[in-house]
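This report concerns only the one structure given below.
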């Protein structure tokens, strides 16, 4: 790359960042855009939606709990991410990037479905959310009802690092360990430090986090995560989403090897 091209690339990067910051500031000028609520000071539900029916939120949460739905398929929606890899992770990250300068004090990141009969037959998200004691959360807590306790030890399971298309693994733990190892090399290492050998999480990708835990990292870090989801070719879209299910707790300041607090326990 020539000097002129290099300077142009840097200028475009800076311009994109400034436009992003200006866009966020414009949103935040609206004030507390998520509106008044009765669930405690400064709290918000962020739901990641593909094509689920979200009418339950307006029916059961309107006026009780403020919420915003981030879409990954409907580009005409008010809140949308063009990143289609990583399952719910793309929607969560897009929200953080968009509203980094005016985040509420407590944020519940959830899937958009009201019920999941396969995982938890008794699960009813709107009733469950109204039971949450938001202020009892010190920093981060799982909101998953699935009882999926995921535990991997990198040194025992990460045997090979060949490209995805050459890998013939059927062992879920090896697959997860490899995906997390690749992501740590490419994305997390500079920000989060050395890769922990052991990761232990409540699987499901739904959690409650306090604002100061989110702000422990820059907006650019979350934008880098979005870019990695969109552009990295070393992992499948599903594996990239799984990476974040294993690492949200590490991103938000919890010890990787200690099972995260589950709000329901």
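In our numbering, the protein residues as written are 98 to 362. We put the CB at the ideal spot given by N, CA and C, even for glycine. It should be emphasised that the depicted structure is a prediction, and the values quoted were computed from it without experimental measurement.
The beta carbon of residue 273 sits closer than 7 angstroms to the beta carbons of 249, 339 and 343 from its chain, once the five residues preceding and following it are set aside; these are given in chain order. The Cβ atoms of residue 151 and residue 165 lie no closer than 8 angstroms to each other.
Spanning the alpha carbons of residue 357 and residue 346 requires a straight line of approximately 7 angstroms. Here the alpha carbons of residue 254 and residue 205 stand approximately 32 angstroms from one another. Fewer than three Cβ pairs drawn from the segment 157-176 and the segment 278-298 lie within less than 8 angstroms of each other, which leaves the two stretches out of contact. Between residue 300 and residue 247, the CB-CB gap stays under 8 angstroms. Here residue 298 is actually not in contact with residue 193; their C-beta atoms are around 19 angstroms apart, not less than 8 angstroms. Contact holds between the segment 180-191 and the segment 139-154, because three or more Cβ pairs, one in each stretch, are under 8 angstroms apart.
Contact annotation: residue 336 and residue 238 have beta-carbon atoms that are not nearer than 8 angstroms. In its chain, beyond the 5 residues on either side, 284 have a beta carbon closer than 8 angstroms to the beta carbon of residue 321.
Approximately 4 angstroms separates the beta-carbon atoms of residue 211 and residue 153; this is inside 8 angstroms, confirming the contact.
Contact between residue 197 and residue 316 is confirmed by a C-beta separation of about 4 angstroms, below the 8 angstroms threshold. Boundaries of the beta strand (DSSP E) around residue 247: 246-250.
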